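Before any comments, here is the structure.
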Amino acid sequence: MSGVKVLLVDDEQEFTSALSERLEIRGHAVRVADSGEEALEIAEAEPPEVVVLDLKMPGLSGIEVLKRLKSMLPQVPVLLLTGYGSTEEGIKGMQLGAFDYLLKPLNITDLIKKMQEAVGGSQ
Amino acid sequence: MNLEDTSSVAFMGEVTAGYTHEIRNILSIIAESVGLMQDILSMDRERMLQYLEKLQSSLDKVGKQLERGEALSTHLNRLAHAPDREHGQVDLEEAAQTMVALSQRFAKRRQLQLNHLPAERKVHIETRPVVVMMLIYSLIQAALQGAPKGTRLDVQAGLPDHRGRLVILCANHIAPADFHAAIPAEAWEALEALCRSVQAEAKQLAEEPGIEVLFP
């Protein structure tokens, strides 16, 4: 099973550095963005197969990033990260075209399963 | 429930929501760091050796996040005990430190830095503890709206002329008039209403981009 090219977007750098390392150990290719603005730049320059996007970020909100990603790269699935008490935003994100949402703290097995489902189960 | 009780509940709700969001982030970092350590420890010896530095940095991260979580919990606990007494001595310095810590998430969302500067000496005032906490929160919220993105706000308690004083200043060079104009009227009214309930007064500083609150 080959790896997925994933763009991980979250302003908590200590979270993204550990998670990206774990995904890379499992054979996935990870790009990290600390902000919505940076995510849009990376996605435009090098479209990923899937985006994992935190909903709560300073600057451009996750929902705004989702809208722009969907207009820029409609074929790229987006998985949202949210917390307990914020599932309403996750649902709103799905209405706006997100593939699904996951609750933080994450279970890496669930995340990878969801990433693979999102890219069509062909990985 | 009267109007003051309703706003206290709303205030506690907002602060608690901010706290739980931060705790969730802390737990996520700990979970991923511990997960990474488990991944490394399950590798064969040769591969594991390449990851020794990551193992150490993951341990450091866990320690740092535990400290961050402990500090936040201490501040939330301090706030939770504020309503224990209707009236009494308040350490304004400590109260400012607590509300700055619990407002970090709001500052970050606005892409601002929020700092607490230590007071030159202890600042004790006789007042209503929970109202003071709400007042400092309201002061910070007003200033967060006045400060442009990318700037820094400093909060400091003091005791000029034996009066408790709190100041929040934008540390960057911006015109005081622009800072004050960006504060929504309702944010300023909320701050003034809280000031009135403890006989304090809030002033927009004329010479600097900031606000001061003077206690009786």
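Protein sequence lines, in the order shown, are assigned to chains D and H. If you read the first sequence in this note's numbering, its first letter stands for residue 1, the second for the next number, and so on. If you read the second sequence in this note's numbering, its first letter stands for residue 1, the second for the next number, and so on. In this text, a Cβ means the ideal position worked out from N, Cα and C, and glycines have one as well. Because the structure is a prediction, the values reported are computed rather than measured.
Give every residue of the same chain whose Cβ lies closer than 7 Å to the Cβ of residue 22 of chain H, excluding the five residues on either side of it in the sequence, and list them in chain order.
72, 105
Kindly indicate which three-state DSSP category residue 122 of chain D falls into: helix, strand or coil?
Residue placement at residue 122 of chain D is flagged as unreliable, the pLDDT there being 40, under the threshold of 50; the coordinate-derived value follows with that caveat. In this structure, residue 122 of chain D counts as coil in the three-state DSSP scheme.
Spatial distance of residue 81 of chain D from residue 64 of chain D (CA atoms)
14 Å
Three-state class that DSSP yields for residue 21 of chain H in the structure shown
helix
Exposure label - residue 97 of chain H; buried when at least 16 CB within 10 Å
buried
Under 7 Å between beta-carbons, which chain H residues line up against residue 19 of chain D? List them in chain order, please.
32
Could you tell me whether the Cβ of residue 113 of chain H comes closer than 8 Å to any Cβ of chain A?
You won't find chain A in this structure, because its protein chains are D and H.
Within 8 Å of any Cβ in chain D, is that where the Cβ of residue 172 of chain H sits?
no
Taking the straight line between their C-alpha atoms, what separation do you get for residue 9 of chain H and residue 144 of chain H?
22 Å
Contact set between residue 125 of chain D and chain H, taken where Cβ atoms lie within less than 7 Å:
Missing from the structure shown is residue 125 of chain D; chain D here goes from 1 to 123 and no further.
Quick check on residue 158 of chain H: does DSSP put it in helix, strand or coil?
strand
Please classify residue 115 of chain D as buried or exposed, where buried requires at least 16 neighbouring CB atoms within 10 angstroms.
buried
As assigned by DSSP and simplified to three states, the class of residue 87 of chain H:
coil
Give the DSSP-derived three-state secondary structure of residue 73 of chain D in the structure shown.
coil
What does the Cβ neighbour count give for residue 121 of chain H, buried or exposed, with the cut at 16 atoms within 10 Å?
exposed
Residue from D:56, D:78, D:26, D:22 with nearest C-alpha to residue 34 of chain D:
D:56
Residues of the stretch 95-122 of chain D in Cβ contact with chain H at a cutoff of 8 Å, in chain order, please.
104, 105, 106, 108
Distance between beta carbons of residue 153 of chain H and residue 114 of chain H, contact taken as under 8 Å
5 Å
Around the C-beta of residue 127 of chain H, are 16 or more other C-beta atoms found within 10 angstroms, so that it is buried, or is it exposed?
buried
Under 7 Å between beta-carbons, which chain H residues line up against residue 56 of chain D? List them in chain order, please.
21
Counting only the same chain and skipping the five closest in sequence on each side, list residues whose C-beta sits under 6 Å from that of residue 156 of chain H.
117, 167
Can you find a C-beta in chain D that's less than 8 Å from the C-beta of residue 29 of chain H?
yes
Candidates D:52, D:26, D:5, of which the one nearest residue 36 of chain D by Cα
D:52
Distance check for residue 86 of chain D and residue 198 of chain H, CA to CA, integer angstroms please.
35 Å
Does any C-beta atom of chain H lie closer than 8 Å to the C-beta of residue 64 of chain D?
no
Counting only beta-carbon atoms, is residue 35 of chain H nearer than 8 Å to chain D?
yes
Among H:172, H:159, H:176, the one whose alpha carbon lies nearest that of residue 216 of chain H:
H:159
In three-state terms, what does DSSP make of residue 65 of chain H?
helix
Taking beta-carbon pairs under 9 Å, can you tell me which members of the stretch 63-84 of chain H lie near chain D?
64, 65
Using a Cβ cut-off of 8 Å (strictly closer), state whether residue 152 of chain H contacts chain D.
no
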